[in-house]
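Engineer: Chains as they are written, first to last, in the working numbering: chain Y, 152 to 267; chain Z, 86 to 196. Backbone N, C-alpha and C fix where the C-beta goes; we use that ideal spot for every residue, glycine too.
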Amino acid sequence: AQSVTQPDIHITVSEGASLELRCNYSYGATPYLFWYVQSPGQGLQLLLKYFSGDTLVQGIKGFEAEFKRSQSSFNLRKPSVHWSDAAEYFCAVAGFMDTGRRALTFGSGTRLQVQP
Amino acid sequence: DSGVTQTPKHLITATGQRVTLRCSPRSGDLSVYWYQQSLDQGLQFLIQYYNGEERAKGNILERFSAQQFPDLHSELNLSSLELGDSALYFCASSVGDRGQFFGPGTRLTVL
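Below, the structure written as structure tokens:
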């Protein structure tokens, strides 16, 4: 069975500082990996995704993530955080279920707070 | 705006009752997914429909059921509601496996 671990429940950074949110996954084959962001009272917005190829993927809002197979990680990064980035961030893996179909499994989320 | 719509936005009901949540996918998306988000369980996949047929099942209770209609909108039916069913329910849609687009959610409160 697939699983996703986001070890940091809550992170606080200063505006303008760099950001890295950690994500580790467990899945036997090559995973499809995603990062989503959820602002308070909103649905989830897809930031970026990885399927294959270049292990550094670019997303929206200046975010990027790097897939490291050897570490089973897919960490999200941003070089300079803006106050509007304050939200909850979810890492997800899409692996095959018993049905032969892929299903998304989400991590527990990391809440990002941005200090002025 | 993801293009996925959900109604109602909020729903307050009593234990033992039955409710229906509605979702309209993005134009052209054949797959619809339902998720439950609660503080103690996090985001959990419930069920997927593809072009009117059930395709995958996750942690969906027997008291819950869903369907997808010919116009591709979907409904999630929750019955014999319990306090623990209070949660945010999200619908998502996609083309294939390469990224799901989420609706704004329905917040269900069971009193």
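Does any residue of chain Z have a CB that is nearer than 7 Å to the CB of residue 254(Y)?
Structural biologist: yes
Engineer: Looking only at its own chain, which residues have a Cβ that is under 8 Å from the Cβ of residue 195(Y), when we skip the five neighbours before and after it?
Structural biologist: 187, 188, 189, 241
Engineer: Restricting to Cα atoms, I'd like to know which of 194(Z), 195(Z), 178(Z), 87(Z) is closest to residue 193(Y).
Structural biologist: Measuring from the Cα of residue 193(Y), the nearest candidate turns out to be 87(Z).
Engineer: Cα-Cα, which of 170(Z), 109(Z), 150(Z), 130(Z) is closest to residue 93(Z)?
Structural biologist: Selected option, being the one with the closest Cα: 109(Z).
Engineer: Decide if the stretch 94-114 of chain Z is in contact with the stretch 150-169 of chain Z; the criterion is three or more beta carbon pairs, one per stretch, under 8 Å apart.
Structural biologist: yes
Engineer: Of all the options 101(Z), 152(Z), 190(Z), 142(Z), which has the alpha carbon lying nearest to the alpha carbon of residue 251(Y)?
Structural biologist: 142(Z)
Engineer: Check whether chain Z comes within 7 Å of residue 207(Y), counting only Cβ atoms and requiring the distance to be less than that.
Structural biologist: no
Engineer: State the DSSP-derived secondary structure class of residue 169(Z), mapped to helix, strand or coil.
Structural biologist: helix
Engineer: Report, in whole angstroms, the separation of the C-beta atoms of residue 188(Z) and residue 260(Y), which I expect to be a contact under 8 Å.
Structural biologist: In fact, because the Cβ distance is near 18 Å, the residues do not count as touching under 8 Å.
Engineer: Please report the residue range of the beta strand (DSSP E) in which residue 89(Z) lies.
Structural biologist: Unbroken run through residue 89(Z): none, as it is neither H nor E.
Engineer: Drop a sphere of 10 angstroms on the beta-carbon of residue 209(Y), count the other beta-carbons inside from all chains shown, and report buried for 16 or more, exposed for fewer.
Structural biologist: In this structure residue 209(Y) is exposed. Its beta-carbon is surrounded by fewer than 16 other beta-carbon atoms within 10 angstroms.
Engineer: Compare the C-alpha of residue 166(Z) against each of 182(Z), 136(Z), 98(Z) and name the closest.
Structural biologist: 98(Z)
Engineer: How would you label residue 185(Z), buried or exposed, when you count the other beta carbons within 10 angstroms and need 16 or more for buried?
Structural biologist: The residue in question, residue 185(Z), is buried, as its Cβ has 16 or more Cβ neighbours within 10 Å.
Engineer: When you compare the CB positions of residue 162(Y) and residue 227(Y), do they come within less than 7 Å of one another, or not?
Structural biologist: no
Engineer: Can you tell me where the beta strand (DSSP E) holding residue 233(Y) begins and where it ends?
Structural biologist: Looking at the DSSP string, residue 233(Y) is not in any beta strand (DSSP E), and its letter there is neither H nor E.
Engineer: Along the chain, where does the beta strand (DSSP E) that runs through residue 127(Z) open and close?
Structural biologist: 127-135
Engineer: Compute the distance between the beta-carbons of residue 172(Z) and residue 122(Z), then report whether it is under 7 Å.
Structural biologist: Between residue 172(Z) and residue 122(Z), the C-beta spacing is below 7 Å.
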